[in-house]
Each structure stands twice: as structure tokens, then as C-alpha cells.
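Novice: Structure in C-alpha cells, see below.
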Amino acid sequence: MFWSFIKSNKKGPNTLPSSMAFEGRSCSTGEEICDAFATYFQSNFLATSDLSADTPCMRNASHISPAQCISDIEINADTVLKLLKSLDLNKGAGPDNIPATFIVRSLYTLTKDLAGRYPW
């Protein structure tokens with residue numbers, strides 16, 4: 000939906016629209032447009048209140064570096080498999096240039112390999 004809007008409103012090869020509408024309001028300044036995109040994409044991120052405060056890292060967040068917090072992250076093979084299965088095959092490759100179709104076709108091998116490398 001996002002990219003369809005951008006593509007349909009391009010006026011030339013390198014131009015973007017100067018205004019847009021989102022949730023019934025018109026946005027014409029850079030700040031308004033950025034806020035609209037932030038609202039639209041906020042569902043991709045966890046709110047701070049959703050983070051568990053029941054880890055040493057979160058309880059002492061002001062005293063611990065981000066590198067120390069990484070050790071508190073728990074990931075299991077089932078979660079990885081579920082996320083890999085949810086990839087949209089209609090999307091292009093990400094910044095790693097690996098197509099989603101390759102990942103989905105290899106997901107059991109990838110999950111097994113990753114589970115063997117990392118102590119999930």
C-alpha cells in the first residue's frame with residue numbers, strides 16, 4: 000500500500016508528492032508527512048511498555064550497556080521458523096539481497112543450522 004501510493008503519485012523519475020492524506024487529514028509539511036508515516040509504521044515496533052522489565056538488563060537499564068543486554072535476548076527455533084514462514088514472497092530482496100523465496104524454500108535447513116549455531 001505504501002509503495003503503491005508513492006509510485007502512483009510520482010510526477011517524474013525523481014519526485015515525490017508535496018502533500019498526502021492519511022486517516023482523513025491532509026499533510027503538507029515535512030514534519031506532518033513524517034508523523035503520518037511514523038503512525039502508519041508504528042505497528043512494526045514494540046512500545047516501551049511492551050518490553051519486559053523483569054530482566055536484569057531492563058531493571059538496570061541506566062547502568063548497563065546495550066552489549067550487555069544482548070545476552071538477555073532469548074530466541075528459539077520455533078520463533079525463527081514462524082517468522083521465516085511469514086515472509087511475503089511478493090516482496091523483493093532486502094538489504095542482504097537474499098530473495099524471500101530462497102529463504103522460504105530453505106527455511107527448515109536455515110532454522111536447523113541457526114539453532115545449531117546459537118544457544119536458543
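Mind the numbering: the sequence shown is residues 0 to 119 in numbering that gives the first Met the number 0, read in order.
All C-beta atoms, glycine included, are put in the ideal place defined by N, C-alpha and C.
The model shown is predicted, which means the values in this text are computed figures rather than measured ones.
(1) Quick one: is Thr38 buried, meaning 16 or more other Cβ sit within 10 Å of its Cβ, or exposed?
(2) Buried or exposed: Thr28, going by 16 or more other Cβ atoms within 10 Å of its Cβ?
(3) Straight-line CA distance for Asn75 to Cys26?
(4) Do Leu80 and Val103 have their C-beta atoms closer together than 7 Å?
(5) When every heavy atom of the ligand MG is checked, does at least one fall within less than 6 Å of the C-beta of Leu88?
Specialist: Looking at the atomic coordinates:
(1) Numbered from its first residue, the sequence shown carries residue 38 at position 39. By the neighbour-count rule (16 or more Cβ atoms within 10 Å), Thr38 is not buried but exposed.
(2) Counting from 1 along the sequence shown, the entry for residue 28 is found at position 29. Looking at its Cβ environment, which holds fewer than 16 other Cβ atoms inside 10 Å, Thr28 is exposed.
(3) Mapped onto the sequence shown, residue 75 falls at position 76. Mapped onto the sequence shown, residue 26 falls at position 27. Answer to the nearest angstrom: the Cα atoms are 42 Å apart.
(4) Along the sequence shown, one-based indexing puts residue 80 at 81. Along the sequence shown, one-based indexing puts residue 103 at 104. For Leu80 and Val103, no; Cβs fall outside 7 Å.
(5) The ligand MG is absent from the structure shown, which contains no ligand whatsoever.
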